[in-house]
Amino acid sequence: MTTKTQEINAGQTKGERGCTPVIYSPLWPVKILKIRLNSGKAIISSLGRELKCSKCKEYWPADTQFYHSKPGVKSGLQDWCKACYGTWDRERRELRKQKRKAQ
1047 MTTKTQEINA
1057 GQTKGERGCT
1067 PVIYSPLWPV
1077 KILKIRLNSG
1087 KAIISSLGRE
1097 LKCSKCKEYW
1107 PADTQFYHSK
1117 PGVKSGLQDW
1127 CKACYGTWDR
1137 ERRELRKQKR
1147 KAQ
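All letters in the sequence shown, in the order written, are residues 1047 to 1149 by the numbering used here.
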């Protein structure tokens, strides 16, 4: 026998922390949007606004599905895409682990 909560949650996919992920796309002020479009840091394509990752130099949709949020920045998103950040973080953790073993 299932409860109402289980029936409601049956069709949803869960994130890492057990909650349903929310995709957030921050709105940029017009001035910032013009600057980013003119400098090539952002483009508007058939997918919508895309932001250029400063590490891999590829364009990805400007939302939290591809970038981590960073409220202190005007764009509201980090400069590196999630894939680049994850690769860097794994390498950094591995180096720290090796340094600890060497001591």
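Ideal placement from N, C-alpha and C gives every residue a C-beta, glycine not left out. Quantities reported herein were computed from a predicted structural model and do not represent experimental measurements.
Candidates the options: which alpha carbon is nearest residue i's?
i     : options                       : result
T1066 : L1097, Q1111 and G1122        : Q1111
S1091 : P1075, C1099, I1081 and A1108 : A1108
L1073 : S1100, K1143 and P1117        : P1117
I need the straight-line Cα distance from residue i to residue j, nearest angstrom please.
i     : j     : result
R1136 : C1130 : 10 Å
T1133 : E1096 : 21 Å
L1141 : S1115 : 26 Å
I1078 : R1139 : 35 Å
A1148 : K1087 : 41 Å
Y1105 : N1084 : 15 Å
I1089 : K1143 : 39 Å
V1076 : V1119 : 15 Å
W1126 : K1098 : 8 Å
Q1124 : V1068 : 17 Å
Label residue i either buried or exposed according to how many other C-beta atoms from any shown protein chain fall within 10 Å of its C-beta, with 16 as the threshold for buried.
i     : result
C1102 : exposed
K1145 : exposed
T1049 : Reliability of the predicted coordinates at T1049 is poor, the pLDDT of 44 falling under 50, and the value obtained from them is presented with this limitation in mind. Flag for T1049 reads exposed.
S1121 : buried
L1093 : exposed
K1080 : exposed
For residue i, list the residues DSSP reports as bridge partners.
i     : result
P1097 : According to the sequence as given, residue 1097 is Leu; it is not Pro. Beta-bridge pairing links L1097 to A1088 and W1106.
L1123 : S1115
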